[in-house]
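Asker: So the sequence shown is residues 143 to 523, counted in our numbering. Quick reminder that beta carbons are idealized off the backbone N, C-alpha and C, glycines included.
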Amino acid sequence: MYKGLIMERIPISGPWITQKEIDYVTDAVTNAWYSKANMYHERFEKAFAEYLGVRFAISLPSCTSAIHLSLLALGVGPGDEVIVPDITWIASAAPIAYVGGITVFADIDPKTWCLSSESLEECITPKTKAVIPVDLYGNMPDMDAINDVAKHHGIAVIEDAAEAIGSEFKGKKAGSFGDTGVFSFHGSKTLTTGEGGMLVTNREDVYRRSLFLRDHGRRPGDKMFFNAEVAYKYKMSSMQAALGLAQLERIEELVAHKRRIFAWYEEELADVDRLALNYESPETKNTYWMVSAIVDRQFGISKERLMELMDKQNIDCRPFFHPLSSIPAYQNLEQARQARERNKNAYKISPYGINLPSGLNITKEKVDYVCKALKEILHLQ
Ligand SMILES: Cc1ncc(COP(=O)(O)O)c(C=O)c1O
143 MYKGLIMERI
153 PISGPWITQK
163 EIDYVTDAVT
173 NAWYSKANMY
183 HERFEKAFAE
193 YLGVRFAISL
203 PSCTSAIHLS
213 LLALGVGPGD
223 EVIVPDITWI
233 ASAAPIAYVG
243 GITVFADIDP
253 KTWCLSSESL
263 EECITPKTKA
273 VIPVDLYGNM
283 PDMDAINDVA
293 KHHGIAVIED
303 AAEAIGSEFK
313 GKKAGSFGDT
323 GVFSFHGSKT
333 LTTGEGGMLV
343 TNREDVYRRS
353 LFLRDHGRRP
363 GDKMFFNAEV
373 AYKYKMSSMQ
383 AALGLAQLER
393 IEELVAHKRR
403 IFAWYEEELA
413 DVDRLALNYE
423 SPETKNTYWM
433 VSAIVDRQFG
443 ISKERLMELM
453 DKQNIDCRPF
463 FHPLSSIPAY
473 QNLEQARQAR
483 ERNKNAYKIS
493 PYGINLPSGL
503 NITKEKVDYV
513 CKALKEILHL
523 Q
């Protein structure tokens, strides 16, 4: 086993915080009260919409709430089918159940690991109301093909760009392709507010409805506390918005560093055959939220075992997402049973994939150590 001198555990993810973030948050906690309570929300939302090239952005407590609001604002309700890729975090799918919808799990593309447009087409029925393509691990699916299918069948698109701020498809930013786009600013994300999220859209009707639903069903600016509907309370704090704004003002260097970290891994693992890292098509800019490795099944090592052995080297890894149709939460659904038979790529790739440490504070030396440990485990050195 590799015996490099590593004193501390290498975490799977984490942010890059500078004095700018500390200054903005300090200013928010000092000044963003009373008539200035929303000053950082306004700046963060405006800058975010501009960065993405969209008309509207609403800051929220999480990406999960952004998906929930998107479904509600797009009129998805009980009995409506919504298609998600089988490989994603459960947050992409859980809000479908919140609105009483039926979750349909489509297969992924073997290269991008994102939603396959062919599988999407195959899953559409007269009950399909929306699709939630996911920009997995910072990569993007073929958004042209997905939008063509969605347009042809008249279904809404909610682009889950939780993991992909700064990614691009044909020069257009992740999150700007659908009826809505949604982002996560969880502590593990490239841009973080600790916890937080954003809903973006070019549709004024969706924007207005979302603003109304996220504030207990009252009109923005309502001072009479006169609610028209029972709805939700989905807001982030000024301190989070200030942190988000500071991070957004540094987005180019955050993304560049994510790409640099991936390049370190790519270089160190270049000599390993039968190991696939994140793919970047010529049409895509991948921001590599999580550097991920799929080992060939011929190595005879599962992701669980691989994680166990990496853990012994003080290296934190995560399993490549399990197909949602395979986890206990969806065990008894008829749609999950069908997905288990249909989604060959998801079931072929997932058992052999792990996410490698990708935190923004990782050093080249630590990446080298992780790669040496991985190679050792795979008996290559
Ligand atoms: C693909 C995807 N969608 C949605 C979410 C949910 O984000 P949040 O934790 O901000 O609700 C995540 C978070 O990890 C995610 O990775």
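What span of residues does the beta strand (DSSP E) with Ile200 cover, start to end?
Answerer: By one-based count along the sequence shown, residue 200 stands at place 58. Ile200 -> beta strand (DSSP E) spans 198–202.
Asker: Since Val433 is in the beta strand (DSSP E), which residue starts that stretch and which ends it?
Answerer: Taking the sequence shown and counting its residues from 1, the one referred to as residue 433 is at position 291. Counting along the chain, Val433 falls outside any beta strand (DSSP E), and DSSP gives it neither H nor E.
Asker: Going by CA-CA distance only, name the one from Ala287, Trp255, Cys256 that's closest to Glu263.
Answerer: Taking the first residue of the sequence shown as position 1, residue 263 is located at position 121. Nearest C-alpha to Glu263: Ala287.
Asker: Whose beta carbon lies closer than 6 Å to any heavy atom of ligand 1, going through the chain in order?
Answerer: Ser204, Cys205, Thr206, Thr230, Trp231, Ala233, Ser234, Val276, Asp302, Ala304, Glu305, Ser326, His328, Gly339
Asker: Please report how far the alpha carbon of Val273 lies from the alpha carbon of Asp458, in whole angstroms.
Answerer: Here residue 273 refers to the residue found at position 131 when the sequence shown is read from its first residue. Here residue 458 refers to the residue found at position 316 when the sequence shown is read from its first residue. Distance between the alpha carbons of Val273 and Asp458: 33 Å.
Asker: Quick one: give me the first and last residue of the alpha helix (DSSP H) that Cys487 is part of.
Answerer: Translated into positions along the sequence shown, residue 487 becomes position 345. In the sequence as displayed, the identity of residue 487 is Asn instead of Cys. 486–491 is the extent of the alpha helix (DSSP H) around Asn487.
Asker: Count Cβ pairs between the segment 427–446 and the segment 189–202 that sit closer than 8 Å; are there 3 or more?
Answerer: Cβ pair count under 8 Å is below three, so no.
Asker: Please list the segments of the beta strand (DSSP E) lying wholly inside the segment 250–278, counting only runs of 3 or more residues, in order along the chain.
Answerer: 270–273
Asker: Does the segment 500–507 touch the segment 151–165, meaning 3 or more C-beta pairs lie closer than 8 Å?
Answerer: yes
Asker: Please report the straight-line C-alpha distance between Ala418 and Asn173, rounded to a whole angstrom.
Answerer: One-based indexing of the sequence shown puts residue 418 at position 276. One-based indexing of the sequence shown puts residue 173 at position 31. Approximately 49 Å between the Cα atoms of the pair.
Asker: Who pairs with Phe247 in a beta bridge, going by DSSP?
Answerer: Working through the sequence shown from its first residue, we reach residue 247 at position 105. Phe247 pairs with Val226.
Asker: So, with DSSP's three-state summary, where would you put Ala418?
Answerer: Locating residue 418 in the sequence shown gives position 276, counting from the first residue. Three-state DSSP puts Ala418 in a strand.
Asker: Along the chain, where does the alpha helix (DSSP H) that runs through Ser352 open and close?
Answerer: Residue 352 sits at position 210 when you count from the first residue of the sequence shown. Residues 346–355.
Asker: Keeping to the same chain, check which residues put their C-beta closer than 6 Å to that of Val171; ignore five residues upstream and five downstream.
Answerer: Against the sequence shown, residue 171 aligns to sequence position 29. The answer, listed in chain order, is Met381.
Asker: So, helix, strand or coil for Ile159, using DSSP?
Answerer: The sequence position of residue 159 within the sequence shown is 17, counting from 1. DSSP places Ile159 in coil when its eight states are reduced to three.
Asker: With three or more C-beta pairs closer than 8 Å as the rule, is the segment 232–250 touching the segment 477–486?
Answerer: yes
Asker: Can the beta-carbon of Thr335 be found closer than 9 Å to that of Leu385?
Answerer: Residue numbering aside, residue 335 sits at position 193 when the sequence shown is read from its first letter. Residue numbering aside, residue 385 sits at position 243 when the sequence shown is read from its first letter. Yes; because the gap between Cβ atoms is below 9 Å, this pair is in contact.
Asker: Let me know if Pro362 comes out buried or exposed under the rule of 16 or more other beta-carbons within 10 Å of its beta-carbon.
Answerer: Translated into the one-based positions of the sequence shown, residue 362 becomes position 220. Flag for Pro362 reads exposed.
Asker: The beta strand (DSSP E) with Ser326 in it runs from where to where?
Answerer: The residue labelled residue 326 in the question sits at position 184 within the sequence shown. 322–326 is the extent of the beta strand (DSSP E) around Ser326.
Asker: Counting along the chain, where does the beta strand (DSSP E) carrying Thr343 start and finish?
Answerer: Position 201 of the sequence shown, counted from the start, is the residue given in the question as residue 343. Where Thr343 is concerned, the enclosing beta strand (DSSP E) stretches over 339–343.
Asker: Tell me whether the segment 331–345 and the segment 305–322 touch, counting them as touching only if at least three CB pairs, one residue from each stretch, are closer than 8 Å.
Answerer: A contact exists between the segment 331–345 and the segment 305–322.
Asker: On the three-pair Cβ rule with 8 Å, is the segment 303–317 touching the segment 255–270?
Answerer: Touching, no, given that fewer than three Cβ pairs across the two stretches are closer than 8 Å.
Asker: With DSSP as the reference, label Ala306 as helix, strand or coil.
Answerer: Stepping through the sequence shown from its first residue, residue 306 is reached at position 164. Residue state, collapsed to three classes: coil.
Asker: Measuring alpha carbon to alpha carbon, tell me which residue in His521, Asn497, Gly359, Arg416 is nearest Glu446.
Answerer: Along the sequence shown, read from residue 1 onward, the residue named residue 446 stands at position 304. Restricting attention to His521, Asn497, Gly359, Arg416, the CA atom closest to the CA of Glu446 is found in Asn497.
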